[in-house]
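Engineer:
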């Protein structure tokens, strides 16, 4: 232990917050205030989602205290059910890391990471984290012994070209050119899938029982992916704190759901339809491009200018998105600590989306 580390550990201490639940809730809100928002009611709802209503049990919590200032930081590991092939895995996602502004240095963050990773041994098969796109967060995870696993890449598809051309062409040209490109885009899509079995799309504001079918029918795949059953989707999306989620359901002639997309429109980006998660009968494989065509058509009809997806998926799974015109726009590195020696010896690939964020 070097002098700097010894000084940090003498100034700060880790506590588990395992006493009165109300005290832990109040301490978490205090630690989050300013970092994750300023509305205590919203922060309290986040805590309840993480520690009271979570379907896989409460999160593992750790706080960092300062000798003079009390609780100045928080980190949790939230349990997630995942699977790889036929094996169900006990996964934990690093959640809601927050350090008070006056104490934002590598020391307190590392203490929290070391504490939660040590406490995760024997409880989880793997712990992963998806830090914000900044060097400090990634450096802390590396220093804590976590390793890069996958890239949560953002992909964007323009569906209304006028707003895009407004920034790159004279206004007198942008609108007619945009309308022409939109018409060409729509016609090409309709022509391409004219001979395919008829699929339809519709919006749903809540989980529907028919959405279970694609999850139940999907073939086993070696990639690690979240369990997407009714319990998970209702908790992660229907009861989520924040912007409401709508599902776009793709159905066949018998009205059976063949694919679904969980979508959000952020107030600051009202022209973008964000796909937070998706699943289909193809599972972790290549989704039917006809389903993507219906999604893009629905977004265009709703007045959106673009559709966006954040996902870490294999080349086979990404190919239909690329072939449908989705293009990369940056990404976030996913880090992992394998706690099961079998996983460490042969790390599986990832199939991750926004559903796998800390929530």
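Residue numbers (my numbering): 929 to 1287.
Cβ coordinates follow ideal geometry from the N, Cα and C atoms, glycine included.
All of these numbers come straight from a predicted model, not from anything done at the bench.
To which residues of the same chain is residue 1171 closer than 8 Å at the C-beta, ignoring the five residues directly before and after it?
Structural biologist: On the chain shown, residue 1171 is found 243 positions in, with the first residue counted as 1. Taken in chain order, the residues that qualify are 1192, 1193, 1194, 1195.
Engineer: Residue 1150: buried (16+ other C-beta within 10 angstroms of its C-beta) or exposed?
Structural biologist: For the purposes of this step, residue 1150 is taken as the residue at position 222 of the chain shown. Counting Cβ neighbours within 10 Å, residue 1150 comes out exposed, since fewer than 16 surround it.
Engineer: Rounded to the nearest angstrom, how far is the Cβ of residue 1142 from that of residue 1072, given a contact under 8 Å?
Structural biologist: Here residue 1142 corresponds to residue number 214 of the chain shown, with the count starting at 1. Here residue 1072 corresponds to residue number 144 of the chain shown, with the count starting at 1. Rounded, the Cβ-Cβ distance is 36 Å, inconsistent with contact.
Engineer: Give me whichever residues DSSP pairs with residue 1132 in a beta bridge.
Structural biologist: Here residue 1132 refers to the residue found at position 204 of the chain shown. Its beta-bridge partners are 1175.
Engineer: Thinking C-beta only, is residue 1264 closer than 7 Å to residue 1054?
Structural biologist: Position 126 of the chain shown, counted from the start, is the residue given in the question as residue 1054. Position 336 of the chain shown, counted from the start, is the residue given in the question as residue 1264. Yes.
Engineer: So the candidates are 1184, 953, 993, 1085; which of them puts its Cα closest to the Cα of residue 979?
Structural biologist: On the chain shown, position 51 is the one that residue 979 refers to. For the residues 1184, 953, 993, 1085, the minimum Cα distance to residue 979 belongs to 953.
Engineer: Can you grab the Cα-Cα spacing for the pair residue 1011 / residue 939, in whole Å?
Structural biologist: Position 83 of the chain shown holds residue 1011. Position 11 of the chain shown holds residue 939. Computed Cα separation, rounded: 41 Å.
Engineer: If you run the structure through DSSP and keep just helix, strand and coil, what is residue 1074?
Structural biologist: Taking the first residue of the chain shown as position 1, residue 1074 is located at position 146. Reduced to three states, the DSSP call for residue 1074 is coil.
Engineer: Rounded to a whole number of angstroms, what is the C-alpha to C-alpha distance between residue 962 and residue 1272?
Structural biologist: Here residue 962 refers to the residue found at position 34 of the chain shown. Here residue 1272 refers to the residue found at position 344 of the chain shown. Distance between the alpha carbons of residue 962 and residue 1272 is about 37 Å.
Engineer: Are the CB atoms of residue 1166 and residue 1134 within a distance shorter than 7 Å?
Structural biologist: Taking the chain shown and counting its residues from 1, the one referred to as residue 1134 is at position 206. Taking the chain shown and counting its residues from 1, the one referred to as residue 1166 is at position 238. Contact: yes.
Engineer: Determine whether the beta carbon atoms of residue 999 and residue 1047 lie at a separation below 7 Å.
Structural biologist: Stepping through the chain shown from its first residue, residue 999 is reached at position 71. Stepping through the chain shown from its first residue, residue 1047 is reached at position 119. Not in contact: residue 999 and residue 1047 (Cβ atoms no closer than 7 Å).
Engineer: Out of 974, 957, 964, 1128, point me to the one whose CA is closest to residue 1221's CA.
Structural biologist: Counting from 1 along the chain shown, the entry for residue 1221 is found at position 293. Taking only the C-alpha atoms, the option nearest residue 1221 is 1128.
Engineer: Leaving aside the five residues before and after residue 1132 along the sequence, list all residues of the same chain whose C-beta is less than 6 Å from its C-beta, in chain order.
Structural biologist: Position 204 of the chain shown, counting from 1, holds the residue named residue 1132. Closer than 6 Å at the Cβ level, and outside the excluded window around residue 1132, lie 1175, 1177.
Engineer: For the stretch 1184-1242, which segments carrying the alpha helix (DSSP H) assignment without a break, of at least 4 residues, lie completely within its bounds, in sequence order?
Structural biologist: The stretch 1184-1242 contains these whole alpha helix (DSSP H) runs: 1217-1229.
Engineer: So, is residue 975 buried or exposed, given that buried needs 16 or more other C-beta atoms within 10 angstroms?
Structural biologist: Stepping through the chain shown from its first residue, residue 975 is reached at position 47. Classification of residue 975: buried, given that the 10 Å Cβ count is 16 or more.
Engineer: Could you give the distance in angstroms between the alpha-carbon of residue 1045 and the alpha-carbon of residue 1144?
Structural biologist: In the chain shown, the residue the question calls residue 1045 occupies position 117. In the chain shown, the residue the question calls residue 1144 occupies position 216. Their backbone Cα atoms lie some 33 Å apart in a straight line.
Engineer: For residue 1136, which of 1244, 1209, 1211, 1159 has the nearest alpha-carbon?
Structural biologist: Reading the chain shown from its first residue, position 208 is the one you call residue 1136. Nearest C-alpha to residue 1136: 1159.
Engineer: Which runs of the alpha helix (DSSP H) fall wholly inside the stretch 1025-1087 and span at least 4 residues, in chain order?
Structural biologist: With a minimum length of 4 residues, the continuous alpha helix (DSSP H) runs that stay inside the stretch 1025-1087 are 1034-1048, 1063-1071.
Engineer: For residue 1052, which residues of its own chain have a beta-carbon under 8 Å away from its beta-carbon, when the five flanking residues on both sides are left out?
Structural biologist: Within the chain shown, residue 1052 is the residue found at index 124, counting from 1. Excluding residues within five positions, the ones whose Cβ falls inside 8 Å are 1005, 1007, 1018, 1019, 1020, 1267.
Engineer: Taking all protein chains shown into account, decide if residue 1013 is buried (16 or more other Cβ within 10 angstroms of its Cβ) or exposed.
Structural biologist: The residue you call residue 1013 lines up with position 85 of the chain shown. It is exposed - the Cβ of residue 1013 has fewer than 16 other Cβ atoms within 10 Å.
Engineer: Suppose you measure from the CA of residue 1240 to the CA of residue 1079; what does that come to, to the nearest Å?
Structural biologist: Start at 1 with the first residue of the chain shown, and residue 1240 comes out as number 312. Start at 1 with the first residue of the chain shown, and residue 1079 comes out as number 151. Roughly 5 Å between the two C-alpha positions.
Engineer: How about residue 1245 and residue 1077: do their beta carbons lie closer than 7 Å?
Structural biologist: The residue you call residue 1245 lines up with position 317 of the chain shown. The residue you call residue 1077 lines up with position 149 of the chain shown. In this structure, residue 1077 does not lie closer than 7 Å to residue 1245 by Cβ.
Engineer: Kindly indicate which three-state DSSP category residue 1165 falls into: helix, strand or coil?
Structural biologist: The count along the chain shown starts at 1 and reaches residue 1165 at position 237. In the structure shown, residue 1165 sits in a helix (DSSP, three-state: H, G or I).
Engineer: Taking 7 Å as the CB-CB cut-off, is residue 1283 touching chain C?
Structural biologist: Within the model displayed, chain C is absent; a lone protein chain is all it includes.
Engineer: Which value, in whole angstroms, describes the spacing of the CA atoms of residue 1086 and residue 1213?
Structural biologist: Reading the chain shown from its first residue, position 158 is the one you call residue 1086. Reading the chain shown from its first residue, position 285 is the one you call residue 1213. Those two C-alpha atoms are separated by around 24 Å.
Engineer: Below 8 Å on the Cβ atoms is my contact criterion, and I expect residue 1154 with residue 1283 to pass it. Report the Cβ-Cβ distance as a whole number of Å.
Structural biologist: Reading the chain shown from its first residue, position 226 is the one you call residue 1154. Reading the chain shown from its first residue, position 355 is the one you call residue 1283. About 5 Å; that satisfies the 8 Å criterion.
Engineer: Within this structure, are the beta carbons of residue 1039 and residue 942 separated by less than 7 Å?
Structural biologist: Indexing the chain shown from 1 puts residue 1039 at position 111. Indexing the chain shown from 1 puts residue 942 at position 14. In contact: residue 1039 and residue 942 (Cβ atoms closer than 7 Å).
Engineer: Rounding to the nearest angstrom, what Cα-Cα distance links residue 1234 and residue 1173 in this structure?
Structural biologist: Position 306 of the chain shown, counting from 1, holds the residue named residue 1234. Position 245 of the chain shown, counting from 1, holds the residue named residue 1173. Rounded to whole angstroms, residue 1234 to residue 1173 spans 17 Å at the Cα level.
Engineer: Looking at the secondary structure, which residues open and close the alpha helix (DSSP H) in which residue 1001 lies?
Structural biologist: For this step, residue 1001 is matched to residue 73 along the chain shown. Where residue 1001 is concerned, there is no enclosing alpha helix (DSSP H), although the beta strand (DSSP E) it sits in stretches over 998-1012.
Engineer: Let me know if residue 1033 comes out buried or exposed under the rule of 16 or more other beta-carbons within 10 Å of its beta-carbon.
Structural biologist: Within the chain shown, residue 1033 is the residue found at index 105, counting from 1. Counting Cβ neighbours within 10 Å, residue 1033 comes out exposed, since fewer than 16 surround it.
Engineer: Based on Cα-Cα distance, which residue from 1286, 1152, 981 lies nearest to residue 1276?
Structural biologist: Locating residue 1276 in the chain shown gives position 348, counting from the first residue. With distances taken between Cα atoms, residue 1276 lies closest to 1152.
Engineer: Residue 982: which of 1081, 1247, 1164, 1258 sits nearest, CA to CA?
Structural biologist: Counting from one through the chain shown, the residue named residue 982 turns up at place 54. Closest option to residue 982, Cα to Cα, is 1164.
Engineer: Quick one: what's residue 1283 bridged to in DSSP?
Structural biologist: Along the chain shown, read from residue 1 onward, the residue named residue 1283 stands at position 355. BP columns for residue 1283 are empty, so no partner.
Engineer: Using DSSP with H/G/I as helix, E/B as strand and the rest coil, what is residue 972?
Structural biologist: The count along the chain shown starts at 1 and reaches residue 972 at position 44. Of the three classes helix, strand and coil, the one that applies to residue 972 here is helix, per DSSP.
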